[in-house]
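Residue numbers (UniProt numbering): 1 to 133.
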């Protein structure tokens, strides 16, 4: 399996643990104000990252590209900042709103980069640059 796919799966499981932890905390406390953070951790963190990892596992040529690593970093940073800031916002800290907004845009940029990966050709980048014979 390509290293980026493995990295996505490892990161996804961390977000699943976080999402379940938020859900357990809400259930035990009886305060469900942070439901949005729980949902985002599970959907953007666990589900989406696992899908990204699966795609890269099935497309090793694309997984080997530098863009795949850049996309991982951008998306993961956005989601990693979004989840706790959204949790704090939904828990009553209105000062987190700009951080939630910016991190959402960063995560969206990561999704757009993934779209570029999906719609790009399967040919290695080096082969595209070599002259025709």
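Virtual Cβ for every residue (Gly too), placed ideally from N, Cα, C.
Same chain, Cβ closer than 8 angstroms to residue i, neighbours up to 5 away in sequence not counted
i	result
residue 45	11, 12, 14, 15, 16, 18, 19, 79, 83
residue 70	113
Spatial distance of residue i from residue j (CA atoms)
i	j	result
residue 5	residue 112	18 angstroms
residue 85	residue 77	12 angstroms
residue 120	residue 58	15 angstroms
residue 61	residue 48	20 angstroms
residue 94	residue 122	45 angstroms
residue 24	residue 96	23 angstroms
residue 32	residue 26	5 angstroms
Candidates the options, of which the one nearest residue i by Cα
i	options	result
residue 72	40, 110, 96	110
residue 30	68, 91, 121	91
residue 116	96, 105, 85, 63	63
residue 8	121, 25, 68	68
residue 106	96, 97, 74, 89	74
residue 108	40, 61, 1, 3	40
Within 8 angstroms, strictly: CB atoms of residue i and residue j
i	j	result
residue 22	residue 38	yes
residue 2	residue 56	yes
Cut-off 7 angstroms between Cβ atoms - residues of its own chain near residue i, not counting five sequence neighbours on either side
i	result
residue 103	78, 81, 82, 85
residue 51	none
residue 100	82, 85, 86, 89
residue 53	5, 8, 9, 12
Proximal residues to residue i (C-beta, below 6 angstroms), its chain only, five neighbours per side dropped
i	result
residue 87	34, 37
residue 42	19
residue 66	none
residue 118	none
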